[in-house]
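One structure is given below, encoded as structure tokens.
And the structure:
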């Protein structure tokens, strides 16, 4: 069936490595091991089932958090993870031998890079990943917290980017939470709450391999939902805020990083930048990601002039001026090829939507919302006194066949 075919196609890892190379290339001294197609997919952190499900998903507006719920009377759509009730979660399945082997490979590679972090991930970052370097430059210019999205979780995506954050001059730290053995509450580890650690900027990694409760609490920390957090985390969040009303300047977490698991169903507040690390085959996914940071009332606590969100989409390209003419694909990188494919799909979808809107019976009623791009289909007054179709579809079909036959006969004379 079609679902099985789609799954089989995705599992080939089509262009997986060239897509990853558009984000980061390893130094010659750090050899990237050769893997099978399935191992490539596992190492890059791509969950095939979630990719298919996300392609079919429809974005829905999520309700605002309790702190601003009184400001709107909009009917809530499906609940976000922050609003889901606590319930026991089924135990995670034990990792397979293949997953364990891949995890070891990934850990070794990241250790080699971080061992020479200043050389590879700081001073040499623009050489091995111009894309990472550009993202960091833009983040430094942001007046508030930012959202970073990548399709890849572990290596040439958020994994190495997180290592680059730790090696950057700002010395970013991961904001994580743990639940000590025998404890009922989550907490930020003591090592992240020291005066030295609190003085450094932090990032949150929000991925599908974390359990539901942990993801929900990390989201609440980013949104500085002090009232909704458990007592221990609430006190620690207030300590990180140091008197600030919320996370508008990134005091709790400067960067919130997500994969496809965060592309829908969550709401972020006071986010000032969105960074989409690489294109995707379907622009709906990208629109969903951007929609996480631009929500109903998501910036209402900021001054009017600060209620803006900058969106950055990154593509790696060849420098043709320097003679980089390596590929037969018209010198296009995989980033550019995927971006073009997504653009073609979007134009087809927009064309279908335009046809449906222009032929709708209420097109004229919504002409102001459509703007000048939609021309409503209509007949001139008195030009067609008869019905456009017969109420009996069989007679209507017969009449249409007669008209087509007459037109064909007239054309043959």
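Numbering (our numbering), first residue to last: 204 to 616. Cβ coordinates follow ideal geometry from the N, Cα and C atoms, glycine included.
- Beta bridge pairing from DSSP links residue 374 with no other residue.
- A check of alpha carbon separations from residue 427 across 419, 440 and 417 identifies 440 as the nearest.
- Counting of Cβ neighbours within 10 angstroms places residue 467 among the buried residues, the total reaching 16 or more.
- Uninterrupted beta strand (DSSP E) stretches at least 3 residues long and entirely within the stretch 460-498 occur at 476-479, given in chain order.
- Residue 317 is positioned such that its CB atom lies closer than 8 Å to that of residue 366.
- Per DSSP, the continuous beta strand (DSSP E) segment holding residue 350 begins and ends at 349-352.
- Taking 8 Å as the cut-off, the beta carbon of residue 456 is found no closer than this to the beta carbon of residue 333.
- Residue 323: not part of any alpha helix (DSSP H); DSSP gives it neither H nor E.
- One alpha carbon belongs to residue 434, the other to residue 389, and they sit about 10 Å apart.
- For residue 229, the closest alpha carbon among the candidates 561, 540, 219 and 313 is that of 313.
- In the three-state scheme derived from DSSP, where H, G and I count as helix and E and B as strand, residue 231 is classed as coil.
- Residue pairing for residue 381: DSSP places it in a beta bridge opposite 390.
- Rounded to whole angstroms, the separation of the alpha carbons of residue 448 and residue 360 is 32 Å.
- Residue state for residue 513 is assigned as strand, using DSSP reduced to three classes.
- Taking a contact as a CB-CB distance under 8 Å, the pair residue 444 and residue 380 does not count as one, their CB atoms being some 16 Å apart.
- Non-local beta-carbon contacts of residue 353 in its own chain, meaning distances under 6 Å to residues more than five positions away in sequence, involve 360, 361 and 480 in chain order.
- Comparing alpha carbon positions, the residue from 303, 483, 580 and 500 closest to residue 510 is 500.
- The closest CA to that of residue 516, considering only 450, 224, 337 and 299, is found on 337.
- Boundaries of the beta strand (DSSP E) around residue 405: 405-409.
- Partner residues in a beta bridge of residue 342, as assigned by DSSP, do not exist.
- Out of 386, 555 and 538, the CA that lies nearest to the CA of residue 221 is found in 538.
- When the beta-carbon positions are compared, residue 476 and residue 512 come within less than 8 Å of each other.
- For residue 578, the CB contacts under 8 Å within the same chain, skipping 5 residues up- and downstream, are 561 in chain order.
- Of the candidates 558, 311, 598 and 300, the residue whose Cα lies closest to the Cα of residue 234 is 311.
- DSSP places residue 549 inside the alpha helix (DSSP H), whose first and last residues are 537-562.
- Contact annotation: residue 462 and residue 411 have beta-carbon atoms nearer than 8 Å.
- Residue 308 sits in a helix when the DSSP states are folded into three classes.
- Per DSSP, residue 519 is not a residue of any alpha helix (DSSP H), being assigned neither H nor E.
- For residue 577, the secondary structure class from DSSP, reduced to helix, strand or coil, is coil.
- Non-local C-beta neighbours of residue 553 in its own chain, meaning closer than 7 Å and more than five positions away in sequence, are absent.
- Taken atom to atom, the span from the alpha-carbon of residue 418 to that of residue 492 is near 17 Å.
- Annotation: the continuous alpha helix (DSSP H) that includes residue 417 extends over 415-425.
- Excluding the 5 residues flanking it on each side, residue 335 has same chain C-beta neighbours closer than 7 Å at 227, 328, 364 and 367, in chain order.
- Per DSSP, residue 505 lies in no alpha helix (DSSP H) segment and is marked neither H nor E.
- Under a 10 Å Cβ-count criterion, residue 555 is classified as exposed, with fewer than 16 other Cβ atoms of the shown protein chains found around its own Cβ.
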